[in-house]
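Colleague: Numbering (the working numbering), first residue to last: 1 to 134. Cβ coordinates follow ideal geometry from the N, Cα and C atoms, glycine included. Dropping the structure in here first, questions after.
Given below as structure tokens:
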């Protein structure tokens, strides 16, 4: 049986109590899986890498991990609360010739953005493959 409009309203009421709801066409479900379903692993990897960088720079592991996690949390809150594009927020904290642009340059040289985009696409493609095999 197909879900009714009342069923949809019930689902929205339940899930909106614990987070943001996006109503999308079913054909986009694999893309949601690739981004949001698999995304926490990507963010954990980034937090781990930031913490490792902090340790390499001399910070104790617990401090480095706490700082990395708080940095991600605060940055995510800024995107959600301000509604500004992440690039605009990045520009606001990136001084000409400063430390942040030096780090951003290294990330760009390493293909950071392309790697993130490729991870989402690969996970989306795998979700599509798995949905067809069922």
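Can you name, in chain order, every residue of its own chain whose Cβ lies under 6 angstroms from the Cβ of residue 53, other than the five neighbours on each side?
Modeller: none
Colleague: Using only the alpha-carbon positions, how far apart do residue 47 and residue 41 sit?
Modeller: In a straight line, the C-alpha of residue 47 is about 10 angstroms away from that of residue 41.
Colleague: Counting only the same chain and skipping the five closest in sequence on each side, list residues whose C-beta sits under 6 angstroms from that of residue 118.
Modeller: none
Colleague: How big is the Cα-Cα spacing for residue 19 and residue 39?
Modeller: Taking the straight line joining both Cα atoms gives about 16 angstroms.
Colleague: Of all the options 88, 97, 45, which has the alpha carbon lying nearest to the alpha carbon of residue 72?
Modeller: For residue 72, the nearest C-alpha among the options comes from 45.
Colleague: Got a sec? Which residues, its chain only, sit under 6 angstroms from residue 78 by beta carbon, not counting five neighbours each side?
Modeller: 89
Colleague: Where residue 83 and residue 75 are concerned, what is the direct C-alpha to C-alpha distance, given to the nearest angstrom?
Modeller: 12 angstroms
Colleague: When we look at the beta-carbon of residue 36 and count the other beta-carbons within 10 Å, is it buried (16 or more) or exposed?
Modeller: exposed
Colleague: Out of 5, 99, 109, 31, which one is the CA nearest neighbour of residue 121?
Modeller: 31
Colleague: Could you check how far apart the C-beta atoms of residue 127 and residue 33 are, in whole angstroms? I think they sit under 8 angstroms.
Modeller: 4 angstroms
Colleague: State the Cα-Cα distance for the pair residue 27 and residue 108, rounded to the nearest angstrom.
Modeller: 32 angstroms
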